[in-house]
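Have a look at the structure below, then the notes.
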Amino acid sequence: MEDILASIRKILNEEEAPAAAAEAAEAEAAEPLELTEAMLVAVPPQEEPATPTEAEPAPEPPAPAAPIPPGPVQPALLETRPAAVETAAEVPPVTAPAPVAPAPPFVAAVPEPAVAESAEGLVAPATAAAAAALLGQLARTVAAERAAPVHRGGPSIEDVVREEVRPLLKEWMDAHLPALMERLVRAEIERVVSRSLG
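Per UniProt numbering, the very first residue in the sequence shown carries number 1; after that it's consecutive.
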């Protein structure tokens, strides 16, 4: 039982020791700092220009500094005063900033008409050229087959129909093939995109 009481007393003493140290530190910080002659920093005299001009009168010598009355002085003022004196001597001369050209006025981008988009198409020019080359090769192959001699003494009914339908088919293809290809390609792209997203 006495061991428990001794440990409690020890814990209470340990808790009181930091509190007493903190109170002592606060008391030291609250005491005012007295300024003495040894703490003052001498201000260096200002340099006079090497060649005085006639238009400017000679500068008057600075007035002697008045003695500072003893009293409470804030530590922050004592710390910043020497730094300000040292940096004042090191400040480079101020030069005028270089003139800045005004920014050009903002011009909103003009949207291109929708007709230009449809004229451009869905495929790149290189792809369109490759497709045209393949279709041209197919057309030459078909033309070569037609030029082959007809057997059995004359053209067949298929040959006659093919020759009659050819101009009609060409006209229809010229009118409808670009839109048909665009629609089919767009549908295929949408199908692939929906499959990859879903």
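Backbone N, C-alpha and C fix where the C-beta goes; we use that ideal spot for every residue, glycine too.
Quantities reported herein were computed from a predicted structural model and do not represent experimental measurements.
#### Entry: Euclidean distance between Cα positions of Ala21 and Glu14
11 Å
#### Entry: Element boundaries [alpha helix (DSSP H), containing Gln137]
Pro125 to Arg146
### Message
According to DSSP, simplified to helix, strand and coil, what is residue 202?
### Response
The shown model of the chain, from 1 to 198, leaves out residue 202, and the question about it has no answer.
### Query
Going by the beta-carbon positions, is the gap between Val185 and Leu122 smaller than 8 Å?
yes
#### Entry: Length of the line joining the Cα atoms of Lys170 and Ala187
25 Å
### Task
Check Leu40 in the structure and name its three-state DSSP category.
coil
#### Entry: Residues near Glu145 by beta carbon distance below 6 Å, same chain, minus five either side
none
### Task
Let me know the secondary structure DSSP gives Leu197 once reduced to three states.
Three-state DSSP puts Leu197 in a helix.
### Task
Quick one: grab the DSSP three-state call for Pro18.
helix
### Task
Within its chain, find whatever has a CB closer than 6 Å to the CB of Ile189; leave out the 5 residues flanking it on each side and keep chain order.
none
### Leu135 versus Ala126: straight-line alpha-carbon distance, rounded
Straight-line measurement puts the Cα of Ala126 at about 14 Å from the Cα of Leu135.
### Query
Is DSSP giving Ser156 helix, strand or coil here?
coil
### Message
Considering Cα atoms alone, identify which of Arg195, Arg166 and Leu5 is closest to Val142.
### Response
From the listed residues Arg195, Arg166 and Leu5, the smallest Cα separation to Val142 is found for Arg166.
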